[in-house]
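According to full-length UniProt numbering, the sequence shown is numbered sequentially starting from 1. Every residue, glycine too, gets a C-beta built ideally from N, C-alpha and C. Since this is a predicted model, take the numbers as computed values, not measurements.
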Amino acid sequence: MSPIIQTHNPKESYPKVTYSHVVTVDAPAKLVYTAGQVGRDSTGYIPASYEEQVKLAYQNLGHCLAAVNASPKDIVKLTYYIVNYDPNRRDVDVIVVGGGISGLQAAYKVQEAGFSSIVLEARNRVGGKLLAVEIPEQVEGRGKKGGIDLGGAWINDSNQSRAYSLAQRLGLDLIEQATDGDCIVQQSNGAVLRFPYGETPKISSKYQKEVGEIRDNVEDICHSVDDQNAVKYDGMNMEDFVQTQGLGTVALENVTLWTRAMLGCEPSEMSALYFLEYCRLGGGLKQMRSDRKHGGQFLRARQGEKEHNPQSGLLSKIDYFSGMGRLAKGVESMLRPGSVILNSPVSKVAQDSEKVVVTTDSGVQYRCKKLIFSLPTPLYKEVVFEPPLPSEKLNFSSSTHLGYYTKVILIYEKPWWKDHGLCGLTHSFKGPSSLTRDSSSPADNQYSLTCFVVGEPGRKWSTFSRPERHTQILEQVVSIYGPQLSEKAKMPLSILEQDWAQEQFSRGCPCPVTPPGVLSRLGGSLQASFENIHFVGTETARHWKGYIEGALESGDRGAEEVIKLLKD
């Protein structure tokens with residue numbers, strides 16, 4: 001006759017000397033008792049991760065039940081204790097610092113490869129410099145729907161494959177940037193001139209000659225910079241560069257317009273090498289400035305309301321197509337639930353040969369094997385690194401700065417400029433706005449002009465009160481479009497404003513620049529990893545630096561780097 005009480009010790013569990021793992025009592029029915037199970041295997045190994053220890057403890061409990069032909073469904077009572085658990089500590093394979101589109105893309109690629117990742121984002125939202133807001137209630141009440149892009153807004157479908165593919169996957173409706181009709185240029189003396197899109201304004205023969213020469217020279221040189229002449233171009237700023245081309249005021253005015261519109265900076269604030277390299281990575285100056293096929297500003301996302309496509313499974317039932325700002329929310333939705341932790345600015349990153357410990361401002365700590373750092377380079381200095389960053393990377397990042405960039409969106413009842421044969425594109429050498437583009441979404445009855453208040457005119461403009469700033473913008477728009485359109489131009493339904501310099505975790509837009517003497521000496525450190533830390537962000541891109549495409553490309557690169565190491 002078998003004994004009433006029997007003891008068992010599964011071979012899969014760690015050995016016990018003073019007691020058994022399982023006891024069964026056979027009278028009158030079989031009753032099973034198990035000893036406390038901890039996260040240790042049969043060899044005595046205890047995982048470093050608390051979560052892995054919990055997983056192993058439950059596996060050990062399963063072994064105990066299996067040893068007596070029982071299963072979890074037979075459990076009548078389960079008592080568990082959380083011993084020394086700190087909910088502020090989480091262990092994952094990869095931590096991404098920064099929830100902009102580059103960081104989100106990196107996190108997604110890491111998860112797609114089968115590893116775990118989380119994103120620590122300082123703001124209360126994802127997207128970084130991708131930001132869309134719903135149109136104001138007073139405008140929506142007039143039959144206008146959707147949202148407005150306050151950040152990055154353009155992609156194309158021919159040489160920005162990552163951005164275009166993502167937009168397609170998320171089901172964004174893409175519309176071509178308006179280029180049908182004339183443009184207007186406002187000269188520094190306030191005089192205005194209409195000209196067809198794609199042509200040079202016929203202000204004078206000298207003007208046309210100088211504009212053509214500086215444009216063609218920048219285009220040619222940006223594709224021919226090499227190690228031999230890089231130091232030469234890095235030894236001068238863009239003002240100096242214009243002088244070396246033997247050109248004068250007209251050329252400098254146009255270069256100033258380019259550096260302001262493209263980077264929010266003055267020509268004197270950036271190395272010529274930086275600007276030439278920036279153009280090269282976007283396929284050349286002409287391609288970057290173009291609003292037509294292959295150009296940097298060819299496609300925008302529809303900004304209205306659309307019924308959800310259930311086949312995508314990624315967006316909400318009623319989706320506000322609020323421009324390209326939707327891309328970031330889309331990538332977030334592709335991550336595992338709980339992957340993004342908002343309101344978590346990182347203050348310290350400490351690493352050794354085996355792990356990285358990340359500490360947030362609130363004292364919460366997270367541990368990982370590899371870290372992807374996706375903050376703008378000027379913000380590197382605000383995080384404590386232990387050990388410190390290599391001197392080259394630290395000196396490079398500390399030398400970079402972001403330009404002044406504000407978008408002011410004027411929302412109108414009707415697209416009055418189109419009724420007069422204009423496409424909405426204007427250039428101004430006077431300011432405060434240097435450039436305007438049509439940002440309408442006709443299918444949603446939303447008509448708007450986006451004014452780019454950038455560079456030094458923008459900095460001066462920003463010192464005025466909000467009502468004064470808006471008055472200055474409207475006065476400029478009226479002066480550009482002239483008396484015939486003044487009544488319509490000065491009466492927007494609403495004015496939206498986004499000053500990126502005031503964003504605590506951006507400090508400017510769109511991409512950090514370097515002054516002379518930095519890029520040729522220290523530029524090699526930009527993409528370089530530091531032990532277990534890898535660096536991404538649109539400024540590290542190998543193509544389309546400063547654009548959404550560049551941000552996605554850099555995220556892919558950072559993910560590829562850590563995935564390869566985690567697999568080795």
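Check                                                                                                                                                                                                      : Outcome
Which two residues bound the contiguous alpha helix (DSSP H) that contains residue 218?                                                                                                                    : 205-222
Using CA coordinates, which residue listed in 338, 435, 138 and 515 is at the minimum distance from residue 273?                                                                                           : 515
With which residues is residue 368 paired in a DSSP beta bridge?                                                                                                                                           : 92 and 356
Quick one: what's residue 429 bridged to in DSSP?                                                                                                                                                          : Beta-bridge pairing links residue 429 to no other residue.
Please go through the same chain and pick out, in chain order, the residues whose beta-carbon is closer than 7 angstroms to the beta-carbon of residue 217, but skip the five residues on each side of it. : 245
Determine the contact status of residue 117 and residue 76, defining contact as a CB-CB distance below 7 angstroms.                                                                                        : no
What does the alpha-carbon distance come out to for the pair residue 6 and residue 35?                                                                                                                     : 14 angstroms
Would you mind stating whether residue 405 and residue 264 have Cβ atoms separated by less than 7 angstroms?                                                                                               : yes
Taking the alpha-carbon positions, what's the residue 25 to residue 4 distance?                                                                                                                            : 6 angstroms
When the Cα atoms are used, what is the spatial distance from residue 456 to residue 462?                                                                                                                  : 10 angstroms
In chain order, which beta strand (DSSP E) runs of at least 3 residues are fully inside the stretch 478-512?                                                                                               : 494-499
Could you check which residue in 39, 127 and 465 has the C-alpha nearest to that of residue 328?                                                                                                           : 127
Are there 16 or more other CB atoms within 10 angstroms of the CB of residue 569, so buried, or fewer, so exposed?                                                                                         : The structure shown does not extend to residue 569, since the chain is modelled only from 1 through 568, so no value can be given for it.
According to DSSP, simplified to helix, strand and coil, what is residue 563?                                                                                                                              : helix
Please determine, among 72, 68, 483 and 175, the residue with the shortest C-alpha to C-alpha distance to residue 443.                                                                                     : 175
Give me the residue from 269, 502 and 537 with the minimum Cα distance to residue 374.                                                                                                                     : 537
For the pair the stretch 552-563 and the stretch 377-395, tell me if three or more CB-CB distances fall below 8 angstroms.                                                                                 : no
Which residues does DSSP pair with residue 34 in a beta bridge?                                                                                                                                            : 22
DSSP three-state label for residue 475, please.                                                                                                                                                            : helix
Measuring alpha carbon to alpha carbon, tell me which of 14, 414, 554 and 177 ends up nearest residue 491.                                                                                                 : 414
Looking only at C-alpha atoms, which of 393, 547 and 211 sits nearest to residue 282?                                                                                                                      : 547
Name, in chain order, the residues that DSSP records as bridge partners for residue 300.                                                                                                                   : 175
Here's a check: name, in chain order, each residue in its chain whose Cβ is nearer than 6 angstroms to the Cβ of residue 45, leaving out the five neighbours to either side.                               : none
Whole beta strand (DSSP E) runs in the stretch 259-287 with 3 or more residues, listed along the chain?                                                                                                    : none
Could you please give the first and the last residue of the uninterrupted alpha helix (DSSP H) stretch that includes residue 101?                                                                          : 101-112
What did DSSP end up calling residue 311 once you bin it into helix, strand or coil?                                                                                                                       : Note that residue 311 scores 48 on pLDDT, short of 50, meaning its location in the model is unreliable and no value can be drawn from it.
What is the residue span of the beta strand (DSSP E) that residue 332 lies within?                                                                                                                         : From DSSP, residue 332 is part of no beta strand (DSSP E) but of the alpha helix (DSSP H) over 325-334.
According to DSSP, is residue 543 part of a helix, a strand, or is it coil?                                                                                                                                : coil
Have a look at 210, 148 and 164 and flag the residue whose alpha-carbon is nearest the alpha-carbon of residue 243.                                                                                        : 210
If you follow the beta strand (DSSP E) that residue 351 is part of, which residue opens it and which one closes it?                                                                                        : 346-351
List the endpoints of the continuous beta strand (DSSP E) containing residue 380.                                                                                                                          : Here residue 380 belongs to no beta strand (DSSP E), and DSSP marks it neither H nor E.
Note down, in chain order, each residue of its chain lying with its Cβ closer than 6 angstroms to the Cβ of residue 316, except the 5 sequence neighbours on either side.                                  : Because residue 316 sits at a pLDDT of 47, beneath the cut-off of 50, its placement in the model cannot be relied upon, and the point is left open.
Label residue 354 either buried or exposed according to how many other C-beta atoms from any shown protein chain fall within 10 Å of its C-beta, with 16 as the threshold for buried.                      : exposed
Can you give the beta carbon distance from residue 152 to residue 512, rounded, assuming they're within the 8 angstroms contact cut?                                                                       : At roughly 15 angstroms, the Cβ-Cβ gap does not stay under 8 angstroms, so residue 152 and residue 512 are not in contact.
Since residue 580 and residue 276 should fall inside the 8 angstroms C-beta cutoff, what is the C-beta to C-beta distance between them, to a whole number of angstroms?                                    : This structure does not reach residue 580, given that the chain is present from 1 up to 568, and the question cannot be answered.
Here's the rule I'm using: 16 or more other beta-carbon atoms within 10 Å means buried, otherwise exposed. How should residue 186 be labelled?                                                             : buried
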